[in-house]
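Novice: Once you've had a glance at the structure underneath, I'll fire off some questions.
There are 4 protein chains.
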Amino acid sequence: MRRVPQQARSRAMVERIIEAARTVLVRDGYESFTTNRVADEAAVSPGSLYQYFPDKSALVTEVMDRWSAEISDRVAASLAATGPVDVKDPGTVRAIADALLTAIESDAGLLRIVWEELPAVRHRAAQHSLENRVRELLAVYLSASGVTARDPSARAWVIVMAVENVAVRWVLDQPGISREALLDELSAMAGGFGAS
Amino acid sequence: MRRVPQQARSRAMVERIIEAARTVLVRDGYESFTTNRVADEAAVSPGSLYQYFPDKSALVTEVMDRWSAEISDRVAASLAATGPVDVKDPGTVRAIADALLTAIESDAGLLRIVWEELPAVRHRAAQHSLENRVRELLAVYLSASGVTARDPSARAWVIVMAVENVAVRWVLDQPGISREALLDELSAMAGGFGAS
Amino acid sequence: MRRVPQQARSRAMVERIIEAARTVLVRDGYESFTTNRVADEAAVSPGSLYQYFPDKSALVTEVMDRWSAEISDRVAASLAATGPVDVKDPGTVRAIADALLTAIESDAGLLRIVWEELPAVRHRAAQHSLENRVRELLAVYLSASGVTARDPSARAWVIVMAVENVAVRWVLDQPGISREALLDELSAMAGGFGAS
Amino acid sequence: MRRVPQQARSRAMVERIIEAARTVLVRDGYESFTTNRVADEAAVSPGSLYQYFPDKSALVTEVMDRWSAEISDRVAASLAATGPVDVKDPGTVRAIADALLTAIESDAGLLRIVWEELPAVRHRAAQHSLENRVRELLAVYLSASGVTARDPSARAWVIVMAVENVAVRWVLDQPGISREALLDELSAMAGGFGAS
DNA sequence: CATGAATGAGTTTTCATTCAT
DNA sequence: TATGAATGAAAACTCATTCAT
Chain R
10 MRRVPQQARS
20 RAMVERIIEA
30 ARTVLVRDGY
40 ESFTTNRVAD
50 EAAVSPGSLY
60 QYFPDKSALV
70 TEVMDRWSAE
80 ISDRVAASLA
90 ATGPVDVKDP
100 GTVRAIADAL
110 LTAIESDAGL
120 LRIVWEELPA
130 VRHRAAQHSL
140 ENRVRELLAV
150 YLSASGVTAR
160 DPSARAWVIV
170 MAVENVAVRW
180 VLDQPGISRE
190 ALLDELSAMA
200 GGFGAS
Chain B
10 MRRVPQQARS
20 RAMVERIIEA
30 ARTVLVRDGY
40 ESFTTNRVAD
50 EAAVSPGSLY
60 QYFPDKSALV
70 TEVMDRWSAE
80 ISDRVAASLA
90 ATGPVDVKDP
100 GTVRAIADAL
110 LTAIESDAGL
120 LRIVWEELPA
130 VRHRAAQHSL
140 ENRVRELLAV
150 YLSASGVTAR
160 DPSARAWVIV
170 MAVENVAVRW
180 VLDQPGISRE
190 ALLDELSAMA
200 GGFGAS
Chain E
10 MRRVPQQARS
20 RAMVERIIEA
30 ARTVLVRDGY
40 ESFTTNRVAD
50 EAAVSPGSLY
60 QYFPDKSALV
70 TEVMDRWSAE
80 ISDRVAASLA
90 ATGPVDVKDP
100 GTVRAIADAL
110 LTAIESDAGL
120 LRIVWEELPA
130 VRHRAAQHSL
140 ENRVRELLAV
150 YLSASGVTAR
160 DPSARAWVIV
170 MAVENVAVRW
180 VLDQPGISRE
190 ALLDELSAMA
200 GGFGAS
Chain H
10 MRRVPQQARS
20 RAMVERIIEA
30 ARTVLVRDGY
40 ESFTTNRVAD
50 EAAVSPGSLY
60 QYFPDKSALV
70 TEVMDRWSAE
80 ISDRVAASLA
90 ATGPVDVKDP
100 GTVRAIADAL
110 LTAIESDAGL
120 LRIVWEELPA
130 VRHRAAQHSL
140 ENRVRELLAV
150 YLSASGVTAR
160 DPSARAWVIV
170 MAVENVAVRW
180 VLDQPGISRE
190 ALLDELSAMA
200 GGFGAS
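Protein chains in written order, with the numbering used here: chain R, 10 to 205; chain B, 10 to 205; chain E, 10 to 205; chain H, 10 to 205.
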């Protein structure tokens, strides 16, 4: 029998549980997300689950926190890969939207759960992390670019909401629009304000 | 004891149940939405409830169907009140967005439940009716106006999604932006495409 | 199939549950007193139990309330059977103690549970009903008789406690003392104060 | 690292555990008395606890045995301090009751748990040690004094029970009677028998 | 010996649904 | 048809106890 350091053992167990939670969430949906089912899926006893998470919602929160961290990482990675963001360039919005799409496309299953099944009230923080990420990114561009509006913060808010929600819906609803066409429209939408 | 025609009695009962369901949904949230509670609220026995609805989710579906019909009606009513929609007028988007806001503002409580608490999977049809309504309206404008795009249907889809989601989030999140400013931004967003 | 009026049906069920609770309490003790076990014993589903009692402790409370009412009734009945209580008569204490013994002897099983197993904190009211009963009865005698003390209320309290506890311990511990001898001692104890 | 003889280490561990058990019992009550909590409080692993105690109830028993030994010691100490017990002196009962009060007052917290929360069945021996102690003491006095009764052992039993229970209730219920008044009544009660 | 992670049967309670009346 | 008492499977969570290290 292999020697496994304690630390490693518990880490492995936590990982197994979180992984199982994610699986159950995506496979069965939030209404069927039971602590017992997660324990089953993780091949772990219900008691063990409660040694690492104070209650069911802590489990969900953890899954969501990880998911939002992943999104952030992926957005950052995509942007880095695209090269430096020139804040004056109207292509910026496109790059950001592109990065965002890349990030959320990678786990559409969980995206659907987060967006459509989780009771928002209970998980607002993690749920809005996407928003925050997009807001941060666009804020830089918007303030730097020549875009003007009577109420700049209103404009920023509207653009963030629009880009975020349209991107999510495109991934979830598969409306038969090409990725390129979508990006075209999104940058037109944000950039077009210039003419207003 | 007055004789009440069966048909009428049943109709009244169904109405009472649906009304109670809506009340419970808005007052207590979806997590506390139990068939027993609805029966209580309707002053009806649980057994009766099951005489008209095969299961709990049918009840929710019915509430949502009615709600989306109301939204449609209100949008139509608002537009009618504003006067005829001139399809060439860039003010059209503003009018539509205005009508949409008016419609959803009138029952923000239920809007929140529908948007943030209901498991979307089970009620996709009703939930998407808003989109369909807006899509129909904008489709007319977009096709008639000079707005051109490489992919007109993509453009329409994006605008619909953007307007709808931004409007809903504005109502639910109360982001401290005036109604007028919001409408300004929304029409700029849609209209701005012209320059693209 | 016999027609049973609703009212009668639920009454019967409540009775079955309370009876089962009492049985389980006496047979298995408080630590094994489970809602599921009570439901089993009553041949009723756990759900039914909760239709009549808000929680486990309400069940216990009900059993205890009934038990203390029974005790009261039996004490009253015994005293009535003995004939009128002459408040000046030193035999009064004996009569009261006798009545008390008769009352608690009739359900020594439950007496043991109440006295030795129930967490006092949670059921103080019902648990002290014996005390109250004894206090009331003796209060009349003590105030009317020539018994004097520097602090009459202290004397009353001491006698009540002594009679009550000694009687209970005699029933529960079966110390090999005859009923008559016990009554002799108790009245000597209370009456003897006269000489102090 | 200092070498600690095994024996000594185990003794220290046992002590720590028992001490922790007592603390938890008094601080949190019997319903919250869990082996894990005791282990925590003792800064010891649950596994270690089970190396010295076969199960939870053995732990409780040990705490109670120690407690009753302490009571005995304190009673003895109080009596010793008061001076020699003159077996003919009617003040003897007073001295004994006084000693008893002193003993149980010193740890009213644990007294309450023992008297009101612990399932008596499981710990009868320890719980009755108080009685035994008092019985022994009073037995000497009663047999030596001129007190006569038809059944002397019955009389002894009654007095022991009365003194013990009244003393305990006085400590736990705080009935607003002075210590002196209580002692007066107790000795009157026991001594008054003389007149019977 | 000591550890403490892991266990899993068991606890209280809920609620969608049924069915005899 | 309407009732509502009854159901019972299942949920979240606990805790005395074990055993590999």
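Note that the Cβ used here is the ideal one computed from N, Cα and C, for glycine as well.
Suppose you measure from the CA of D64(R) to the CA of R25(B); what does that come to, to the nearest Å?
Specialist: So the two alpha carbons sit approximately 38 Å from each other.
Novice: Taking 8 Å as the cut-off, decide whether the C-beta atoms of E194(H) and A176(E) are in contact.
Specialist: Their beta carbons are not under 8 Å apart, which means E194(H) does not touch A176(E) by this criterion.
Novice: Quick one: measure Cβ to Cβ for A199(H) and V72(H), integer angstroms, because I've assumed they're closer than 8 Å.
Specialist: Not quite, the Cβ-Cβ distance comes to about 31 Å (not below 8 Å), so this is no contact.
Novice: For A108(E), I'd like the list of residues in its chain whose CB is within less than 6 Å of its CB, leaving aside the five on either flank, ordered along the chain.
Specialist: Hits under 6 Å: V84, S87 and L88.
Novice: Quick check: the Cα distance between V23(R) and A29(R), rounded to an integer number of angstroms?
Specialist: In a straight line, the C-alpha of V23(R) is about 10 Å away from that of A29(R).
Novice: Is DSSP giving G200(E) helix, strand or coil here?
Specialist: Correct three-state label for G200(E): helix.
Novice: Keeping to the same chain, check which residues put their C-beta closer than 6 Å to that of S138(R); ignore five residues upstream and five downstream.
Specialist: Around S138(R): S77.
Novice: Could you check the C-alpha separation between L34(H) and F42(H) for me, to the nearest Å?
Specialist: About 6 Å.
Novice: Can the beta-carbon of L7(R) be found closer than 8 Å to that of L181(R)?
Specialist: The structure shown does not extend to residue 7(R), since chain R is modelled only from 10 through 205, so no value can be given for it.
Novice: Under 8 Å between C-beta atoms, does M73(R) make it to chain B?
Specialist: Closer than 8 Å: no.
Novice: Curious, which full-length alpha helix (DSSP H) runs of at least 4 residues does the stretch 14-76 of chain H contain?
Specialist: As far as the stretch 14-76 of chain H is concerned, its whole alpha helix (DSSP H) runs of at least 4 residues are 15-37, 44-51 and 55-61.
Novice: Hey, does R103(R) have any beta-carbon neighbour from chain B nearer than 8 Å?
Specialist: Not closer than 8 Å to any Cβ of chain B, the Cβ of R103(R) fails to qualify, so no.
Novice: Mind checking which residues open and close the alpha helix (DSSP H) that includes L109(E)?
Specialist: Counting along the chain, the alpha helix (DSSP H) containing L109(E) begins and ends at G100 to E114.
Novice: Helix, strand or coil for P93(E), going by three-state DSSP, please let me know.
Specialist: Residue state, collapsed to three classes: coil.
Novice: Determine the contact status of M170(E) and R188(H), defining contact as a CB-CB distance below 8 Å.
Specialist: Their beta carbons are not under 8 Å apart, which means M170(E) does not touch R188(H) by this criterion.
Novice: Exposed or buried, S115(E), counting other C-beta atoms within 10 Å across all chains shown (16 or more means buried)?
Specialist: When all chains shown are included, S115(E) counts as exposed.
Novice: Starting from N141(B), find everything on chain R with Cβ-Cβ shorter than 7 Å and list it in chain order.
Specialist: Neighbours of N141(B) on chain R: none; closest Cβ ~12 Å, over 7 Å.
Novice: Suppose you measure from the CA of A21(E) to the CA of E173(H); what does that come to, to the nearest Å?
Specialist: So the alpha carbons of these two residues sit roughly 44 Å apart.
Novice: What number of angstroms, rounded off, separates the C-alpha of R46(B) from the C-alpha of T44(H)?
Specialist: When rounded, the distance between both Cα atoms is 41 Å.
Novice: Considering A118(B), what are the terminal residues of the alpha helix (DSSP H) in which it resides?
Specialist: Just to set this straight, residue 118(B) is Gly in the shown sequence, not Ala. Start and end: A117 to R121.
Novice: Let me check understanding here. Comparing Cα to Cα, which of T111(R), A117(R) and I168(R) lies closest to V149(R)?
Specialist: Of the listed residues, the one whose Cα sits closest to V149(R) is I168(R).
Novice: Taking Cβ to Cβ, would you say A129(H) is nearer than 8 Å to S196(H)?
Specialist: Not a contact, by the Cβ cut-off of 8 Å.
Novice: Give the single residue among I122(R), R142(R) and G185(R) whose Cα lies nearest to the Cα of R36(R).
Specialist: Nearest of I122(R), R142(R) and G185(R) to R36(R), Cα basis: I122(R).
Novice: Taking its Cβ as the centre, do 16 or more other Cβ atoms sit within 10 Å of E50(E), making it buried, or is it exposed?
Specialist: Burial call: buried.
Novice: Take W124(R) and list the residues in its own chain whose beta-carbon comes closer than 7 Å to its own, dropping the five residues that flank it on each side.
Specialist: Correct list, in chain order: V177 and L181.
Novice: Provide the residue span of the alpha helix (DSSP H) that contains S162(H), from first to last.
Specialist: Note, S162(H): alpha helix (DSSP H), P161 to D182.
Novice: Using three-state DSSP, classify H209(B) as helix, strand or coil.
Specialist: Any property of residue 209(B) remains undetermined from this structure, which presents chain B solely from 10 to 205.
Novice: Looking at the structure shown, is S87(E) part of a helix, part of a strand, or coil, going by DSSP?
Specialist: Helix, per DSSP.
Novice: If I measure Cβ to Cβ from I210(B) and keep anything under 8 Å in the same chain, skipping five residues before and after, which residues do I get?
Specialist: There is simply no residue 210(B) to check, as chain B begins at 10 and stops at 205 in what is shown.
Novice: In chain R, which residues lie with their C-beta within 9 Å of the C-beta of P161(B)?
Specialist: Going along chain R, no residue has its Cβ under 9 Å from P161(B), so there is no contact; the nearest lies around 10 Å.
Novice: Candidates Q60(R), P55(R) and S81(R): which alpha carbon is nearest R144(R)'s?
Specialist: Ranking the options by Cα distance to R144(R), first place goes to S81(R).
Novice: With a cut-off of 8 Å, does the C-beta of I186(E) fall near any C-beta of chain H?
Specialist: Yes, contact with chain H.
Novice: Express the C-alpha separation of A104(B) and I186(R) in angstroms, rounding to a whole number.
Specialist: I186(R) and A104(B): Cα-Cα distance of roughly 27 Å.
Novice: With a threshold of 8 Å between beta-carbons, can P63(B) be considered close to chain R, or not?
Specialist: Taking Cβ atoms only, chain R never reaches closer than 8 Å to P63(B), which makes this a no.
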